[in-house]
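Protein chains in written order, with the working numbering: chain Z, 1 to 486; chain Y, 1 to 121.
All C-beta atoms, glycine included, are put in the ideal place defined by N, C-alpha and C.
To start, the structure itself, in structure tokens.
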Amino acid sequence: MAYRTRVSPPHPRSPAGRDWFRADAAPFGAFLEAAPDAVVIIDSDGRIAFVNAQTERLFGFARDELLGQPVECLLPERFRSAHTGHREGYRSDPRTRPMGAGLELFGRRKTGDEFPVDISLSPLPTEDGVLLTAAIRDMTERKRAEETRSLLATVVESSDDAIFAKTIDGTILSWNRGAERMYGYAAEEAIGMPVADLAPPDRKVETEELLAVIARGEVIEQFETVRVRRDGTLRDVSLTLSPTRDPSGRVIGSSTIARDITERKRMEAARDQFIANAAHELRTPLATLAGLGEILADHLDEMSREQVAQSLAALRRQGERANALVANLLDLSQLDGGRVRFSFGAVDAAVAARRALDAAPPPTGTEVTISVPDGLSVWVDPVRFDQVLTNVLTNAYRYGGPKVTMSGNGSDGSVELALSDDGSGVPPELVPRLFEPFARGSNAESQGGSGIGLALCRRLVEAFGGEIRYESAGPGARFTIRLPTS
Amino acid sequence: MSATVLVVEDEVDLLFTIALSLELNGYRVVKAASGEEAVDMVEKERPDAVVLDIRLPGIDGWEVLNRLRQRGQFPATPVVLLSAQVDAATAARAVELGCHAHLAKPFSTSELSGVLRDLLR
């Protein structure tokens with residue numbers, strides 16, 4: 001405050017005083033004139049004694065329009081009367097301080113526009129009394145930046161992805177709620193922790209490598225890897241890492257966006273397994289079709305009539321099997337994709353059972369008894385219901401015993417149909433996944449099924465609002481289908 | 001006298017197809033539809049070669065190989081493995097167990113005959 005000693009006693013409103021503060025009048029004036037903030041000096045009556053060039057630019061008034069005016073002309077009208085009181089208060093205890101600490105302050109331009117400001121007040125003792133200097137800084141840009149920053153912070157906090165920052169050597173600096181959820185560490189625990197702690201032991205080296213790439217200023221996008229949670233469980237994650245830089249452009253750390261892709265990976269694996277199973281199921285009929293085609297083409301003349309007849313029968317069976325598999329696969333995929341339209345209607349269960357038996361007659365040696373009482377009406381899609389019944393019948397022919405019985409009874413708004421046989425039942429290890437696609441028992445390979453008949457049955461019965469379940473019935477198998485009545 | 005080949009395959013129609021193709025190529029064929037049956041047939045029939053599916057109900061093709069090896073009949077008797085796919089792991093295991101050939105389904109019946117002809121030469 002070297003200039004304070006040089007203050008002579010001007011009367012702010014006197015022409016001499018104005019001259020004293022004129023930019024060209026003294027080094028002191030030139031200094032204020034060049035200040036980046038708007039500087040306003042106010043006399044003990046609260047009238048403007050001096051403004052610098054930045055004040056004119058900021059508020060849009062010419063200097064002459066301001067000098068001698070109450071300082072309140074630079075405030076929005078709603079603050080003016082209160083301000084007069086504050087000013088009186090300040091005069092009784094003048095010291096250098098920011099104005100309105102903790103409050104949002106606004107200036108008002110000549111045009112009436114308001115803008116956010118930051119104001120520092122300092123007393124300026126003169127022989128005439130204490131003047132007041134106000135340095136006013138336009139906060140418009142700063143406020144805008146703060147708003148942007150706060151918006152970004154909200155986005156980061158509310159993101160499901162883990163978002164965190166770390167130093168160039170991998171020390172964690174920030175940690176959002178997504179990161180807390182994904183990794184199981186609270187922000188207080190994670191901040192200060194080396195990022196390598198998030199990698200399982202066999203991937204510690206990988207975090208070093210990633211940090212090295214970042215240090216070179218490169219961005220890493222959607223890097224799929226494995227990370228370990230606080231509780232030790234592993235998650236599949238996709239990482240996007242970007243270097244953070246200081247104002248000179250030097251890399252000082254990095255930000256990480258981590259997405260948990262465990263579920264996606266699981267679904268991909270399930271899909272791959274499904275496709276592999278479907279291909280496998282198709283291979284067996286195709287091996288027979290291709291083999292017999294080749295044999296008939298190369299050896300027809302040498303073959304006995306019986307060999308030819310057996311070959312043609314096998315061709316037909318395996319052709320039908322491949323066909324059924326493809327049809328079932330499509331049905332299953334359409335059901336899973338919700339693309340099947342059902343047209344519901346009342347169906348007599350006994351009639352449907354007899355119709356299914358006609359469509360899927362038992363092979364030689366198997367005997368089917370239907371003891372479903374007439375008049376049990378169920379509310380289903382008739383065509384799809386036939387498909388369910390023929391599938392469970394065919395399943396019993398393939399894997400069950402020679403005596404197959406379908407019975408039925410109704411109670412409490414639902415009808416139960418039971419299909420039992422006197423075979424060896426479903427192998428116990430298969431029961432838990434019996435209704436999953438391609439679940440097969442140790443006795444199933446030779447039987448020529450598609451591997452998805454029961455999976456399809458369950459999807460359909462559930463679409464009807466019913467339930468299909470399996471239970472062991474003595475040595476044999478028993479499938480129960482419960483359906484809503486009409 | 002024609003060579004005897006044991007075909008082990010649980011899919012009835014595929015067993016018929018392989019057997020028919022080998023018969024038409026001049027082999028005497030004996031059939032087994034499970035691993036247990038295969039082990040018995042090797043004892044009883046002393047085949048000159050075995051065509052063995054890996055995926056079998058009960059004891060699978062690998063176990064059949066193990067048991068044949070324990071009884072000293074293998075690797076003296078050539079074995080052609082049949083599997084749904086020939087991936088690296090399956091192939092490595094087949095080699096390790098001393099299999100002579102390995103075909104993936106669906107395979108050509110003439111290819112199988114060719115492989116057997118080479119093995120029995």
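With a cutoff of 8 Å on beta-carbon distance, A199/Z and R227/Z are scored as near each other. Around the C-beta of R283/Z, 16 or more other C-beta atoms lie within 10 Å, and the residue is accordingly described as buried. With contacts defined as CB atoms closer than 8 Å, M41/Y and L6/Y qualify as a contacting pair.
Residues of chain Y with a Cβ closer than 9 Å to the Cβ of Q273/Z do not exist, since the nearest Cβ in that chain sits about 13 Å away.
Residues of chain Z whose Cβ lies closer than 8 Å to the Cβ of A32/Y do not exist; the shortest such Cβ separation is about 12 Å. Chain order gives the chain Y residues near L292/Z as T17, where near means a beta carbon separation below 7 Å.
Nearest CB-CB separation between K105/Y and chain Z: below the 8 Å threshold. Within the same chain, I48 come within 6 Å of L67/Z by CB-CB distance, once the 5 residues on both sides are set aside.
At least one C-beta of chain Y is nearer than 8 Å to the C-beta of L286/Z. By the Cβ-count criterion, L120/Y is exposed, with fewer than 16 other Cβ atoms from all chains shown falling within 10 Å of its own Cβ. For K110/Z, the closest of R63/Z, F385/Z, R458/Z and A353/Z by C-alpha to C-alpha distance is R63/Z. Between the beta-carbon of P116/Z and that of M99/Z there is about 13 Å, and that puts the pair past the 8 Å contact cut. Bridge partners of A38/Z according to DSSP: I136/Z. For I163/Z, the enclosing beta strand (DSSP E) has its first and last residue at A162 to T167.
Close to chain Y, meaning a Cβ-Cβ distance shorter than 9 Å, are the following residues of the region 293 to 311 of chain Z: E294, I295, D298, H299, E302, M303, Q307, Q310 and S311. With respect to R235/Z, M182/Z sits close: the two C-beta atoms are nearer than 8 Å. Contact residues of the region 82 to 112 of chain Y toward chain Z are L82, A84, Q85, A104, K105, P106, F107, S108, T109, S110 and L112 (C-beta to C-beta distance below 9 Å). Residue contact with chain Z for L24/Y: present (Cβ-Cβ distance below 8 Å to some residue of chain Z). Under the DSSP definition of a beta bridge, M406/Z partners with I370/Z and L419/Z. Under the three-pair Cβ rule at 8 Å, the region 463 to 482 of chain Z does not count as touching the region 2 to 16 of chain Y.
Residues of chain Y whose Cβ lies closer than 7 Å to the Cβ of Q334/Z do not exist; the shortest such Cβ separation is about 26 Å. In the pairwise beta carbon analysis, the region 273 to 290 of chain Z is classified as touching the region 314 to 328 of chain Z: at least three pairs are separated by under 8 Å. Here the alpha carbon of A396/Z sits roughly 12 Å from the alpha carbon of T369/Z. Membership of K44/Y in the alpha helix (DSSP H) is indicated by the continuous run G35 to E45. The three-state secondary structure of D381/Z, taken from DSSP, is coil. Where G476/Z is concerned, the enclosing beta strand (DSSP E) starts and stops at G476 to P484. A Cβ-Cβ contact shorter than 8 Å links R203/Z with T225/Z. Taking 8 Å as the CB threshold, S21/Y lines the interface with chain Z. Between E294/Z and T109/Y, the beta carbon gap of about 5 Å places them in contact (Cβ cut-off 8 Å). Distance from the CA atom of P427/Z to the CA atom of D60/Y, rounded to whole angstroms, is 17 Å. Note on geometry: alpha-carbon atoms of S122/Z and S44/Z lie some 13 Å from one another. When the five nearest sequence neighbours on each side are left out, the beta carbons in the same chain lying within less than 7 Å of the beta carbon of E56/Z are those of A62 and R63, in order along the chain. Between R271/Z and the set V205/Z, S486/Z and F438/Z, the nearest pair of CA atoms involves F438/Z.
Non-local beta-carbon contacts of K265/Z in its own chain, meaning distances under 7 Å to residues more than five positions away in sequence, involve D236 in chain order. Within the region 56 to 97 of chain Y, the runs of alpha helix (DSSP H) that reach at least 4 residues and sit entirely inside it are, in chain order, 61 to 70 and 88 to 96.
For E471/Z, same chain residues with a beta-carbon under 6 Å away, outside a window of 5 residues either side, are R478 in chain order.
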